[in-house]
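Since the structure comes first, as structure tokens, the remarks are kept for the end.
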Amino acid sequence: MSKTSEKADSFMSKPILELYSFGEQHFEKHLIQDLEELKPFLERKDLKFWLNISSIQDEDLILKISELLSIHPLVIEDITNTSQRPKIEEFDDHIFVLVKMLYSKNSISEIQTEQISILFGQNYILSFQETPQDIFDNIRVRLENPKGKMRKLGSDYFTYVLVDAIIDEYFGIQELISDTVEKYDDQILQNKSNVNLNTIHHHRKTLRKIRNNIWPMRELISLWRKSEHPLIKRKNLTYINDIYEHTIEILEGLELQRETMSSLAELYMTQLSIKQNEVMKTLTVISTIFIPLTFIAGIYGMNFQVMPELEWKYSYPVLWVIFILITLFMIRYFKRKKWF
Amino acid sequence: MSKTSEKADSFMSKPILELYSFGEQHFEKHLIQDLEELKPFLERKDLKFWLNISSIQDEDLILKISELLSIHPLVIEDITNTSQRPKIEEFDDHIFVLVKMLYSKNSISEIQTEQISILFGQNYILSFQETPQDIFDNIRVRLENPKGKMRKLGSDYFTYVLVDAIIDEYFGIQELISDTVEKYDDQILQNKSNVNLNTIHHHRKTLRKIRNNIWPMRELISLWRKSEHPLIKRKNLTYINDIYEHTIEILEGLELQRETMSSLAELYMTQLSIKQNEVMKTLTVISTIFIPLTFIAGIYGMNFQVMPELEWKYSYPVLWVIFILITLFMIRYFKRKKWF
Amino acid sequence: MSKTSEKADSFMSKPILELYSFGEQHFEKHLIQDLEELKPFLERKDLKFWLNISSIQDEDLILKISELLSIHPLVIEDITNTSQRPKIEEFDDHIFVLVKMLYSKNSISEIQTEQISILFGQNYILSFQETPQDIFDNIRVRLENPKGKMRKLGSDYFTYVLVDAIIDEYFGIQELISDTVEKYDDQILQNKSNVNLNTIHHHRKTLRKIRNNIWPMRELISLWRKSEHPLIKRKNLTYINDIYEHTIEILEGLELQRETMSSLAELYMTQLSIKQNEVMKTLTVISTIFIPLTFIAGIYGMNFQVMPELEWKYSYPVLWVIFILITLFMIRYFKRKKWF
Amino acid sequence: MSKTSEKADSFMSKPILELYSFGEQHFEKHLIQDLEELKPFLERKDLKFWLNISSIQDEDLILKISELLSIHPLVIEDITNTSQRPKIEEFDDHIFVLVKMLYSKNSISEIQTEQISILFGQNYILSFQETPQDIFDNIRVRLENPKGKMRKLGSDYFTYVLVDAIIDEYFGIQELISDTVEKYDDQILQNKSNVNLNTIHHHRKTLRKIRNNIWPMRELISLWRKSEHPLIKRKNLTYINDIYEHTIEILEGLELQRETMSSLAELYMTQLSIKQNEVMKTLTVISTIFIPLTFIAGIYGMNFQVMPELEWKYSYPVLWVIFILITLFMIRYFKRKKWF
Amino acid sequence: MSKTSEKADSFMSKPILELYSFGEQHFEKHLIQDLEELKPFLERKDLKFWLNISSIQDEDLILKISELLSIHPLVIEDITNTSQRPKIEEFDDHIFVLVKMLYSKNSISEIQTEQISILFGQNYILSFQETPQDIFDNIRVRLENPKGKMRKLGSDYFTYVLVDAIIDEYFGIQELISDTVEKYDDQILQNKSNVNLNTIHHHRKTLRKIRNNIWPMRELISLWRKSEHPLIKRKNLTYINDIYEHTIEILEGLELQRETMSSLAELYMTQLSIKQNEVMKTLTVISTIFIPLTFIAGIYGMNFQVMPELEWKYSYPVLWVIFILITLFMIRYFKRKKWF
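Residue numbers (the UniProt record's numbering), protein chains in the order written: chain W, 1 to 340; chain X, 1 to 340; chain L, 1 to 340; chain H, 1 to 340; chain P, 1 to 340.
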């Protein structure tokens with residue numbers, strides 16, 4: 001929530017509208033300034049176009065687009081409200097796909113979520129980014145290749161390529177998490193004392209949030225697979241299966257990390273108990289040996305006038321013998337109890 | 001339970017019956033005094049009307065309404081008994097929807113539940129509130145707009161709008177919970193000592209009760225989506241999907257808070273163990289160093305007549321050396337064990 | 001198990017066979033002595049009858065009934081064996097429903113389970129009680145009402161009314177449990193020392209047993225709803241939905257209590273740890289302050305002939321200053337560690 | 001695994017082949033020596049036969065049988081390999097059912113598992129036992145009864161009777177477990193110190209293994225119920241439902257025991273914590289009272305030449321007053337903290 | 001990940017391409033050097049062939065094969081990327097099966113995962129190994145047998161045999177895990193102090209990873225069973241059921257080990273608590289007895305000039321009586337509290 005508002009506070013750049021018009025023999029790139037420019041592309045049924053909008057701040061623009069393509073008002077709401085769950089929604093002449101992108105520069109604590117909305121019809125693909133990101137750069141390159149499948153296969157394949165690019169980013173996130181867990185694993189296994197429990201707690205929270213962002217992808221893809229919408233072609237199903245497998249793989253990986261973290265927390269508690277046991281044993285051994293001895297020494301420090309032992313010549317050496325015998329007996333007792 | 005009875009004790013106001021008669025070109029508001037006034041509206045098939053009843057105390061009134069609209073006796077029972085689970089029930093010429101509203105002024109501990117029953121037929125929508133609440137104010141405004149969809153689309157859409165208004169309230173509750181959890185999170189992470197465990201326990205109970213109130217919404221909406229009742233139009237399905245997504249989002253959010261609370265409780269226990277370990281180490285270090293020294297001092301406090309060391313000139317300084325050596329040895333031992 | 005045998009040991013009263021013959025215009029009550037009296041009722045297709053058998057001890061009687069109505073031997077076994085799970089079983093011309101009644105006089109520990117078997121055909125309803133109980137009293141009254149639905153609707157509706165009466169009893173049990181949990185909740189939250197853990201453990205066991213008795217009701221009702229048996233009428237489905245909702249409500253309530261008990265047990269453990277921490281801190285603070293002081297006092301209690309400090313005039317007051325300084329330093333140290 | 005090999009080491013008795021040939025009017029018993037004797041029975045379509053083979057050691061014999069009845073090689077493998085999961089497999093003219101028998105002489109730790117394979121066709125039932133057991137004795141008696149259903153109903157009913165006999169044994173096992181859990185329950189509730197945790201751990205393992213042996217029965221019976229194989233008659237479905245109910249009942253019973261054991265383990269841990277708290281309090285109270293007193297006594301045991309208090313006449317009684325005051329203050333402090 | 005790269009670093013051997021051409025009356029073995037040699041085999045529809053490729057390093061080779069057999073690019077990706085989940089994918093004229101092989105020389109910590117990809121069409125089976133392994137040796141032998149089913153049944157049966165060989169390896173792994181868990185079980189039950197918690201933690205992680213590799217096999221086989229692809233013959237379904245049972249058996253075994261490990265960890269914690277309790281009791285008993293005695297001795301070590309007891313003749317023996325009485329009283333107190 002705070003993230004979103006923060007973004008809103010930042011400089012509200014005019015969104016960039018990149019349009020790529022393409023066919024099997026055709027490829028063109030335009031920077032759209034006015035939405036009127038879009039109309040001729042919409043009417044040309046022999047070519048497809050991809051329009052990438054780099055920001056969702058300009059509600060006016062989005063409303064205009066929605067009128068042009070007769071987009072459902074709830075879809076507009078979904079596009080502009082960045083707290084949506086990933087989902088797929090079918091309409092008569094287009095399909096709406098909403099997914100979450102995850103990215104991070106360096107560490108687990110800086111993981112950012114960004115909502116990507118994709119809308120595809122017979123001859124167009126629209127993608128809305130929350131902020132201008134370079135995630136689709138690679139796709140632009142592939143599109144320029146006249147022999148590439150993106151030029152030939154339908155707009156559902158094009159959408160698959162976009163979603164696949166987003167899912168590929170998840171693997172980086174997963175590796176980041178995996179490395180972090182591995183680090184704590186090492187620290188705890190080596191019984192290091194500088195383990196920061198708070199950070200672990202924080203990372204577990206992050207893990208849960210990431211899972212919540214990826215989990216609905218399963219249902220999304222599942223619906224996609226079962227869809228009988230004319231825009232979704234049977235022959236492209238293999239590609240959808242592919243991103244399904246990737247999503248499951250990532251979720252299983254996250255689950256594995258989660259279980260490892262739980263298991264680490266448990267191990268840490270056990271280590272604490274073992275350490276405490278050791279501390280207690282030390283205290284008990286020392287106390288149990290010396291407290292009785294001190295008592296005996298205390299007895300002969302009393303100032304009674306009549307204390308026969310005090311006068312006996314061998315009292316002192318005999319007492320030392322008693323001290324040593326008691327100590328030896330105690331040590332043997334503790335040894336048998338395996339407290340050493 | 002106690003809540004309900006409490007309400008019953010309170011002043012039993014005469015329920016307010018607001019009737020809104022509307023069509024694409026028509027909008028009228030009435031305050032119904034006598035149910036006889038309702039009949040003409042029931043017979044006009046070209047107009048729809050919405051009747052909002054602000055209280056369910058007046059059983060007589062509800063019985064009369066049920067006769068007018070031939071409502072099933074079990075539905076009457078559901079409307080008047082406020083401990084029902086959310087549900088949808090289909091009848092020949094109307095559909096009954098029962099949902100739970102949650103609202104709170106300030107804090108998690110003041111969250112109130114209120115049951116809202118909605119009954120819609122071809123040309124009417126009836127809504128029953130437990131107590132007069134202003135939750136539908138915004139809807140009244142939207143209804144006055146002659147171009148609004150509420151005037152055009154069917155009574156199932158109208159019901160969607162009512163349910164949507166109720167679900168929107170859940171988000172406020174969720175934010176309240178989220179803030180509270182965040183507060184405890186901070187307190188525990190900063191190792192503050194004033195964490196009130198009892199309040200946390202109480203909040204976990206509240207969380208479970210809220211979840212129990214929202215959870216059945218999933219099944220309700222799922223049945224709605226699959227319904228083949230003529231009153232439920234295919235084309236309005238997108239709206240139902242929308243509240244389904246919202247419900248899932250809220251349930252996932254609650255689950256996240258629940259997990260965070262569990263994880264916090266675990267962290268708190270671990271912190272307690274760490275603190276206890278530290279306390280124990282302090283005790284052990286001090287005891288282990290000074291108990292043997294005290295014993296030695298005790299020996300030379302004994303009053304035996306024959307104790308050669310007592311007479312030796314350098315006994316006292318030598319003993320100090322021994323004291324210091326023992327202490328240094330102990331400190332080194334503890335340092336190696338990382339007890340410092 | 002032991003319960004059953006206990007009952008068998010008790011006085012084996014002759015079972016009471018109450019027969020209620022009824023039609024829309026007809027109501028008669030008989031006490032059947034000889035099963036031969038039953039035959040005319042069986043043959044009258046224009047009237048229905050309800051036969052309530054108040055005991056299942058008389059196997060002879062049950063065998064005779066089973067012959068009269070050609071009941072499956074496994075059903076006879078189910079009726080007489082009181083350790084069955086709730087279930088519904090369909091046969092060609094009758095349906096067998098087995099449910100569990102729960103009742104308790106005062107406390108959770110006295111909850112009793114009783115098996116109620118119901119068998120209904122086109123024009124008869126048979127109910128078998130384990131012991132004579134007054135649970136169906138209210139139904140007898142309703143049956144006498146000539147306008148009541150029980151006289152008009154089919155034998156499946158009659159069975160619904162019987163099952164509904166049994167399920168209504170569950171709510172009482174649930175309230176009993178809820179009160180008990182509330183009591184422990186208060187005791188533990190107020191940190192009272194007289195919390196009886198054994199009773200809590202015992203109640204958790206009871207809760208599990210109750211849940212096991214109610215849980216199969218879900219499947220039973222689910223089968224009932226999906227049944228296409230001619231004896232089960234579509235139009236009575238609303239009533240079945242009603243008891244389904246009640247069952248789910250009770251199961252959710254039990255689950256809530258179970259979770260609260262778990263959460264209480266956890267809270268109790270945490271409270272124990274907090275208390276132990278406090279005890280440990282007290283011990284450590286006192287020991288850590290006085291053990292070193294005692295050592296110093298011990299030193300100057302030694303009897304060496306050469307100890308310069310002993311002769312120095314200001315030794316004693318200086319030592320007091322040292323004592324006080326050490327104590328102040330320790331207190332400051334513990335204060336910084338927040339052990340006070 | 002080790003169990004199996006152990007058996008193999010033991011004396012490999014020649015398997016006993018009991019053949020019971022029966023029809024509605026016919027009953028004969030043979031001890032088969034040579035498999036050739038089996039052929040005439042196979043050909044007589046008016047009679048059925050049950051062949052019980054008391055051992056699976058003689059692979060030669062089993063291969064010959066499999067040839068005679070054209071059994072699938074994988075079935076032969078299943079029969080001879082005793083680590084299979086319970087299952088049902090349908091073939092063109094016979095059905096293969098594999099179940100696990102559990103039996104124990106006295107205690108939970110001696111529970112034995114034995115695999116029973118049953119193969120039934122139109123006019124034959126084959127049963128393979130791992131070792132000669134008397135589990136089917138009762139069935140032999142029922143078979144001799146010319147009016148019994150086993151003589152009339154099909155081979156699927158016969159198989160039901162065999163499986164039912166095996167499941168009935170489970171109830172004995174369950175009672176054994178229930179008694180054992182009850183014993184530990186008593187021991188722990190009464191806070192006895194001789195609770196053997198290792199045995200409890202061992203029993204939990206046994207419980208898990210038993211559950212794993214019974215759990216697949218659910219799927220087996222579920223497949224049986226849904227089967228459309230001509231050998232499985234609709235009218236015998238009631239019997240299958242019966243063993244399904246029994247299996248579920250046993251699994252629920254095991255689950256209850258498992259939960260009780262978990263809850264007991266938790267209770268035991270809490271009791272340990274309570275005891276430790278009590279021990280700690282005793283230590284702390286004694287130490288906190290006497291350590292400061294000992295320090296004061298130590299002070300006046302010092303041998304400084306200038307210690308004014310030593311010469312004062314009332315020092316000693318005043319000190320006693322101080323001792324008593326400190327003790328009273330401490331006791332009051334601990335009382336207020338509820339450490340007594 | 002690291003594992004894969006490690007392998008890549010190692011010597012990149014030229015992959016071995018073993019081709020086995022076979023029919024009911026025919027068997028030939030070739031070592032393919034050039035893929036051109038493959039073409040005649042592809043065209044002979046009366047014979048089948050199995051091509052085993054011992055390495056996936058040579059991407060060039062795999063691309064050529066894919067062209068020859070028109071394999072989908074995503075399949076090529078799956079074959080060469082060794083971090084895939086087990087899966088089955090159907091294409092028009094071939095089916096792709098990807099499974100994970102697990103093997104280990106000696107210990108749980110050396111368990112290796114290897115990806116095996118199998119592609120089968122009407123008359124060919126292709127298998128890709130990550131590294132040259134001898135896992136299929138036994139299959140080569142069976143293939144030489146002219147009466148073997150592998151020569152007669154379809155390529156789906158051949159694939160079953162390959163997958164079965166891989167699953168058989170799982171049993172070895174499972175036994176390895178079972179032995180390891182058994183070892184820890186013994187160590188902990190015998191309360192040995194050298195239990196290595198870190199290794200247990202590590203093994204739990206390994207267990208989870210193994211489970212993740214085997215778990216998707218269930219879905220794979222489930223899809224295989226439900227498949228209606230012409231290459232998959234109904235009559236071979238029994239074999240698929242067989243590997244399904246094996247997979248479930250292994251997963252249940254792993255789950256059992258996992259539960260045992262959890263239970264062991266819990267037992268270990270309880271043992272630690274018991275030990276700590278014992279240590280605490282020892283300390284408390286010794287301290288509680290001797291601290292008050294030492295205090296008394298300290299009193300009579302004070303040097304007050306006026307202490308009447310000091311001069312009394314019987315003070316010393318009387319004090320000894322007091323010492324003994326206090327000790328006896330304490331011992332009795334502790335005995336009653338069962339601290340001995």
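Backbone N, C-alpha and C fix where the C-beta goes; we use that ideal spot for every residue, glycine too.
Inter-residue Cα distance where the pair is residue i and residue j
i                     : j                     : result
residue 130 (chain L) : residue 206 (chain L) : 21 angstroms
residue 5 (chain P)   : residue 87 (chain P)  : Model confidence at residue 5 (chain P) stands at a pLDDT of 42, short of 50, so the residue's coordinates are unreliable and nothing is read from them.
residue 213 (chain L) : residue 241 (chain H) : 18 angstroms
residue 321 (chain X) : residue 290 (chain X) : 15 angstroms
residue 181 (chain X) : residue 257 (chain L) : 22 angstroms
residue 146 (chain H) : residue 101 (chain H) : 28 angstroms
Exposure label - residue i; buried when at least 16 CB within 10 Å
i                     : result
residue 308 (chain P) : exposed
residue 312 (chain L) : exposed
residue 185 (chain W) : buried
residue 276 (chain P) : buried
residue 293 (chain L) : buried
When the options are compared against residue i, the one with the closest alpha-carbon
i                     : options                : result
residue 314 (chain X) : L:304, L:283 and L:112 : L:304
residue 61 (chain W)  : W:103, W:15 and W:106  : W:15
residue 112 (chain X) : X:123, X:133 and X:221 : X:133
residue 126 (chain W) : W:103, W:159 and W:102 : W:159
residue 82 (chain L)  : L:145, L:114 and L:221 : L:114
residue 156 (chain W) : W:94, W:63 and W:264   : W:94
residue 42 (chain X)  : X:20, X:72 and X:221   : X:20
residue 326 (chain X) : X:226, X:287 and X:209 : X:287
Contacting residues, own chain, Cβ-Cβ under 7 angstroms from residue i (five flanking each side not counted)
i                     : result
residue 324 (chain W) : none
residue 239 (chain L) : 157 and 160
Close beta carbons around residue i, own chain, < 6 angstroms, minus the five adjacent residues each side
i                     : result
residue 128 (chain L) : 53, 56, 79 and 117
Cut-off 8 angstroms between Cβ atoms - residues of its own chain near residue i, not counting five sequence neighbours on either side
i                     : result
residue 104 (chain X) : 110, 111, 112, 172, 173 and 176
residue 216 (chain W) : 85, 86 and 87
- Message: Using a Cβ distance threshold of 8 angstroms, determine whether the stretch 166-174 of chain W contacts the stretch 222-241 of chain W, with at least three qualifying pairs required.
- Response: With a cut-off of 8 angstroms, the stretch 222-241 of chain W and the stretch 166-174 of chain W do not count as touching, because too few Cβ pairs lie within range.
- Okay, do the stretch 20-40 of chain P and the stretch 60-74 of chain P touch, 3+ Cβ pairs below 8 angstroms being the bar? Yes: the two stretches touch, three or more of their Cβ pairs being nearer than 8 angstroms.
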